[in-house]
Structures are given as C-alpha cells and as structure tokens.
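S.K.:
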Amino acid sequence: METRTSLLGLSPDAMKSALVSAGVAEKAAAMRVRQLWNWVYVHGARDFAQMSNLAKDFRKAMDACFTLARPQIVTEQISNDGTRKWLIRGEGGQEFETVFIPEPGRGTLCVSSQVGCTLNCRFCHTGTQKLVRNLTSAEIVGQVMIARDALGDWPSTGENRRLTNVVMMGMGEPLYNFDNVKTALAIVADGDGLALSRRRITLSTAGVVPMIKRAGEEIGSSLAISLHAARDEVRDVIVPLNKKYKIAELLDACRAYPGVSNARRITFEYVMLKGVNDSLTDARELVRAIRGIPAKINLIPFNPWPGAPYECSDWEQIEKFAEIVNRAGYASPVRTPRGRDIMAACGQLKSESLKQRASERMAEMRSTELARMPG
Ligand code: SAH
Numbered sequence: 031m032e033t034r035t036s037l038l039g040l041s042p043d044a045m046k047s048a049l050v051s052a053g054v055a056e057k058a059a060a061m062r063v064r065q066l067w068n069w070v071y072v073h074g075a076r077d078f079a080q081m082s083n084l085a086k087d088f089r090k091a092m093d094a095c096f097t098l099a100r101p102q103i104v105t106e107q108i109s110n111d112g113t114r115k116w117l118i119r120g121e122g123g124q125e126f127e128t129v130f131i132p133e134p135g136r137g138t139l140c141v142s143s144q145v146g147c148t149l150n151c152r153f154c155h156t157g158t159q160k161l162v163r164n165l166t167s168a169e170i171v172g173q174v175m176i177a178r179d180a181l182g183d184w185p186s187t188g189e190n191r192r193l194t195n196v197v198m199m200g201m202g203e204p205l206y207n208f209d210n211v212k213t214a215l216a217i218v219a220d221g222d223g224l225a226l227s228r229r230r231i232t233l234s235t236a237g238v239v240p241m242i243k244r245a246g247e248e249i250g251s252s253l254a255i256s257l258h259a260a261r262d263e264v265r266d267v268i269v270p271l272n273k274k275y276k277i278a279e280l281l282d283a284c285r286a287y288p289g290v291s292n293a294r295r296i297t298f299e300y301v302m303l304k305g306v307n308d309s310l311t312d313a314r315e316l317v318r319a320i321r322g323i324p325a326k327i328n329l330i331p332f333n334p335w336p337g338a339p340y341e342c343s344d345w346e347q348i349e350k351f352a353e354i355v356n357r358a359g360y361a362s363p364v365r366t367p368r369g370r371d372i373m374a375a376c377g378q379l380k381s382e383s384l385k386q387r388a389s390e391r392m393a394e395m396r397s398t399e400l401a402r403m404p405g
C-alpha cells in the first residue's frame, strides 16, 4: 500500500508546508515549490527521477516522502465519434468518470467533482447514484492530468494542445465541494500550472444560490446554470433543489455574478424533455425570466439512460424553441450529443460505487485487521 503523501492537488502554500515538514529548509522551500510545480504541472512528471535539473539527493528525499501518482484508470472507452471516457478509481477504491470531447480546433474535458450526487435531478443518470463522497483536489486535478497523459498533451504551455477547455459538468455538484474544486481549478488555471485560462474553465451548477457569489469571487471561472425550466412548478419536479432555491433567487444571483458582462455571458443549460418543458410558451417564459442577464442558452437534447422517465423532444420542436430564444436576442446553440454509444453524454455518467455504511466499514476494517494479525 502507498504510504507516501501525494503532492498532487495541494495549493502552493500546502505544498510548501509539506516540504518543510519533510525536512526541506524553510528558506529553500518556496524555490523548491516552484521547481516541483513546474515539473509536475507543466511537464507532467510522474516521477521525481525525471527532474533532471534537481540534485539527486533532493530527488531521493522527495521520493521517500511523496508520490506523484495519478488516480488509477480502470477502463477507457472510445466512442465512434471520438469521445473518450475514463473510469477512474480514486483513493479508497471509489470510482468516477471523466469524458474528453474532441472538436475541430479544441477539446473539452468534462470533469467530475463528486462520486455520485445528492441532487436527484429526475432526468439525470448520476442522480440515481447516491452521493458517495466529495472528490479530493488531487482527484479533480488528477482528471486533467490523466487526460493530458492520454492525449500526449504535455507540456501544458505547448502550442497545439488538444485539451483546451475544462467544464465541471461531470458527476456531482461542484458547489457542494467548494474548497476542493476551488483548489483544483486554481491549479488548472495557473499559467505556471496546467495553464488553461479561467475563461476556458466553466463551472456548472444546478443552482446552489448561496455559493454562486463566492464562486465568482474566489474561482472566477465562467458560469453555467442548469436551469431547464422557467417556472417553479416544473423546476421543482425536475430539479428538486429548486424547492430550496427558487428560480427568481437563482436568477438574481446570476445578475450579481462577479464579472458577468456581454463579453462574459452566463450559459443557461436547458435539457429538452418532450411534453415537460419544451412548449413554445416555455420558450417565451424562459426569455422573459432571464431578461437583462448577458446570457446564452445551451439547448441539450435529452440523453436517454436505462429506466429514464423522460423522452427527448422532437427535433422540429427543439428548432422552434431555439428560434424563439434566438429571436429574443440570445444565442441558442443546440448541443450535439457526443459519446452516447458509450454512455458518455451529458447526464449519462454513473459508477458502481456505493456509500458504505459505517457498520460495514467497521466490519471490513475488523476483518482486515484480523487477517493481518499473526496467527
Ligand atoms: N451538478 C452540476 C454539474 C452537472 S452538469 C449541474 O447540475 O450543473 C451536467 C449537465 O447535464 C447539467 O446541465 C445537467 O442538468 C445535464 N443533464 C443531466 N442529465 C441529462 C440528460 N439525461 N440529458 C441531457 N442533459 C442532462
């Protein structure tokens, strides 16, 4: 078993403290952090031995205390449209998914923030998996690093990177894992780190209203809101979080989102559910509700999953809906479903991991302890 501490996902200050407690002199620590940071996040080093400009003794000392190992890839699936999905095993064995979506001239990584989810949105497959736990900042940053490894995308500062955008749209609700998401995205956005500008990072939330302002101030990424309905009666059912934070409050938080402007619009995601939220009246209510917010509306054809209680709207209906939104002055792109054949499209992610009850965990610990005891 790995007993060394991981250096991945630590803030610069936390890395400095880790080095000092491993015996690095206080005076040298800041410089050491800069050197390691560059090897790890710009060059993707997985091993201290690679760090050719650092003294051998220092590398040895680091290797004795720390690891740079990524979370483990369990399986990789490649869709016939080129989308790639990785099932990743985190600390403690729980599993989560990450999806890479290549497009001409860019590539987007869809990153998970939790194993499972608490929200239970009725149309979302992840919502049928109970929350297992929050991902650590190492596991969040690790998803980007795993993708860079697989895509041959090092150094991070290179010219023709395939991974150009990150969306926090995988499993989980990022604003319910605020601190780890914030720490991880600071590393992703760091020009001397994974080097994606904050504009190319989008955080999507189902509407955790009290955290939206902080997200703008402290994370500063682009914001996407999973709106999906313009009327509380409908949204209460399909996004149950709406019972806690109503549409009007959510939209007020969007109006006040730090940095929002015509150059930095908020994306509203709107899943097209046949007969539920896709009438032309719904479209008109939608544009009325968001009036005054610099926004674009991303229409997402519903992606099916086994046992889902909804169907995707008809194509003509999606087009008519899009036209009303568009005529009201909002860009209304219809998101092309990607990776459906490997269950990698929006809302299709899920893993087998279950939350163990405390009693089960105790029983497991006891049996491994027994197994370890000399006979
Ligand atoms: N919890 C965050 C992050 C998940 S993002 C959030 O809700 O924003 C995943 C996006 O896919 C969300 O907009 C979600 O509403 C949407 N989605 C979920 N299930 C879907 C499905 N079956 N078809 C299409 N989109 C779906």
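31 is the number of the first residue of the sequence shown in the numbering used here; add one for each residue after it. Don't be surprised by glycine CBs; every beta carbon is placed ideally from N, CA and C. If you're wondering where the values come from, they're calculated on a predicted model, not measured in any experiment.
Within a Cβ cutoff of 6 Å, which residues of the same chain sit near residue 78, ignoring the five residues on either side of it in sequence?
M.R.: Indexing the sequence shown from 1 puts residue 78 at position 48. Excluding residues within five positions, the ones whose Cβ falls inside 6 Å are 89, 92 and 93.
S.K.: Expressed to the nearest angstrom, what Euclidean distance is found between the alpha-carbon atoms of residue 118 and residue 307?
M.R.: Stepping through the sequence shown from its first residue, residue 118 is reached at position 88. Stepping through the sequence shown from its first residue, residue 307 is reached at position 277. Approximately 34 Å between the Cα atoms of the pair.
S.K.: Is it right to say residue 382 is buried, meaning 16 or more other beta carbons lie within 10 angstroms of its own, or is it exposed?
M.R.: Along the sequence shown, read from residue 1 onward, the residue named residue 382 stands at position 352. Looking at its Cβ environment, which holds fewer than 16 other Cβ atoms inside 10 Å, residue 382 is exposed.
S.K.: Buried or exposed for residue 104, going by 16 or more other Cβ atoms inside 10 Å?
M.R.: Taking the first residue of the sequence shown as 1, we reach residue 104 at position 74. Exposed, since its Cβ has fewer than 16 Cβ neighbours within 10 Å.
S.K.: Once you ignore the five residues that flank residue 156 on each side, which residues in its own chain have a CB closer than 6 Å to its CB?
M.R.: Position 126 of the sequence shown holds residue 156. So the qualifying residues of the chain are 147, 201, 379 and 380.
S.K.: Have a look at residue 140 and residue 232 and give me their C-alpha separation to the nearest angstrom.
M.R.: Locating residue 140 in the sequence shown gives position 110, counting from the first residue. Locating residue 232 in the sequence shown gives position 202, counting from the first residue. Distance between the alpha carbons of residue 140 and residue 232 is about 10 Å.
S.K.: Which residues in the same chain have their Cβ closer than 6 Å to the Cβ of residue 67, if we skip the five residues on either side of it in sequence?
M.R.: Taking the first residue of the sequence shown as position 1, residue 67 is located at position 37. Around residue 67: no qualifying Cβ.
S.K.: When the Cα atoms are used, what is the spatial distance from residue 321 to residue 134?
M.R.: Here residue 321 refers to the residue found at position 291 of the sequence shown. Here residue 134 refers to the residue found at position 104 of the sequence shown. Answer to the nearest angstrom: the Cα atoms are 32 Å apart.
S.K.: Alpha carbon to alpha carbon, how far is residue 160 from residue 405? Give it in angstroms, no decimals.
M.R.: The count along the sequence shown starts at 1 and reaches residue 405 at position 375. The count along the sequence shown starts at 1 and reaches residue 160 at position 130. With a pLDDT of 40 at residue 405, under the threshold of 50, the modelled position of that residue is not reliable, and the figure given next carries that caveat. Approximately 39 Å, taken between the alpha carbons.
S.K.: Would you list the one or two residues that DSSP bridges to residue 298?
M.R.: Looking up residue 298 in the sequence shown gives position 268. DSSP lists 255 and 327 as partners of residue 298.
S.K.: Does DSSP put residue 32 in a helix, a strand or coil?
M.R.: Counted from its first residue, the sequence shown places residue 32 at position 2. Coil at residue 32, not helix or strand.
S.K.: When the Cα atoms are used, what is the spatial distance from residue 37 to residue 46?
M.R.: One-based indexing of the sequence shown puts residue 37 at position 7. One-based indexing of the sequence shown puts residue 46 at position 16. In a straight line, the C-alpha of residue 37 is about 10 Å away from that of residue 46.
S.K.: Any heavy atom of the ligand SAH closer than 8 Å to the Cβ of residue 331?
M.R.: Position 301 of the sequence shown, counted from the start, is the residue given in the question as residue 331. Yes, the beta carbon of residue 331 sits closer than 8 Å to at least one heavy atom of the ligand SAH.
S.K.: Since residue 243 and residue 283 are thought to touch, with beta carbons under 8 Å apart, how far apart are those beta carbons, to the nearest angstrom?
M.R.: Walking along the sequence shown from the start, residue 243 turns up at place 213. Walking along the sequence shown from the start, residue 283 turns up at place 253. The pair is a contact, with the Cβ atoms about 7 Å apart (cut-off 8 Å).
S.K.: With C-beta atoms as the reference, is residue 275 less than 9 Å away from residue 327?
M.R.: Counted from its first residue, the sequence shown places residue 275 at position 245. Counted from its first residue, the sequence shown places residue 327 at position 297. No, the Cβ-Cβ distance between residue 275 and residue 327 is not below 9 Å.
S.K.: Looking only at its own chain, which residues have a Cβ that is under 8 Å from the Cβ of residue 291, when we skip the five neighbours before and after it?
M.R.: Within the sequence shown, the letter at position 261 stands for residue 291. 324.
S.K.: Does DSSP put residue 284 in a helix, in a strand, or in coil?
M.R.: The residue labelled residue 284 in the question sits at position 254 within the sequence shown. Residue 284 falls in the helix class under three-state DSSP.
S.K.: Please identify the residue among 329, 126, 350 and 113 whose C-alpha is closest to the C-alpha of residue 169.
M.R.: Stepping through the sequence shown from its first residue, residue 169 is reached at position 139. For the residues 329, 126, 350 and 113, the minimum Cα distance to residue 169 belongs to 126.
S.K.: Below 8 Å, can you find three or more Cβ-Cβ pairs linking the region 183 to 191 to the region 108 to 117?
M.R.: Not touching, per the Cβ criterion.
S.K.: To the nearest angstrom, report how far apart residue 95 and residue 35 are at their CA atoms.
M.R.: One-based indexing of the sequence shown puts residue 95 at position 65. One-based indexing of the sequence shown puts residue 35 at position 5. Using only the alpha carbons, I get a separation of about 6 Å.
S.K.: Which whole-angstrom value is the C-beta distance of residue 245 and residue 253, which I expect to be below 8 Å?
M.R.: Taking the sequence shown and counting its residues from 1, the one referred to as residue 245 is at position 215. Taking the sequence shown and counting its residues from 1, the one referred to as residue 253 is at position 223. At roughly 7 Å, the Cβ-Cβ gap stays under 8 Å, so residue 245 and residue 253 are in contact.
S.K.: Grouping DSSP H, G and I as helix and E and B as strand, with all else coil, what is residue 404?
M.R.: For the purposes of this step, residue 404 is identified with residue 374 of the sequence shown, where counting begins at 1. With a pLDDT of only 48 at residue 404, under 50, the local geometry of the prediction cannot be trusted, and no value is derived from it.
S.K.: Which residue or residues does DSSP assign as beta-bridge partners of residue 202?
M.R.: Position 172 of the sequence shown, counted from the start, is the residue given in the question as residue 202. DSSP lists no partner for residue 202.
S.K.: Have a look at residue 287 and residue 198 and give me their C-alpha separation to the nearest angstrom.
M.R.: Taking the first residue of the sequence shown as position 1, residue 287 is located at position 257. Taking the first residue of the sequence shown as position 1, residue 198 is located at position 168. Those two C-alpha atoms are separated by around 17 Å.
S.K.: Can you give me the C-alpha to C-alpha distance between residue 131 and residue 100, rounded to a whole angstrom?
M.R.: The residue you call residue 131 lines up with position 101 of the sequence shown. The residue you call residue 100 lines up with position 70 of the sequence shown. One C-alpha to the other measures close to 21 Å.
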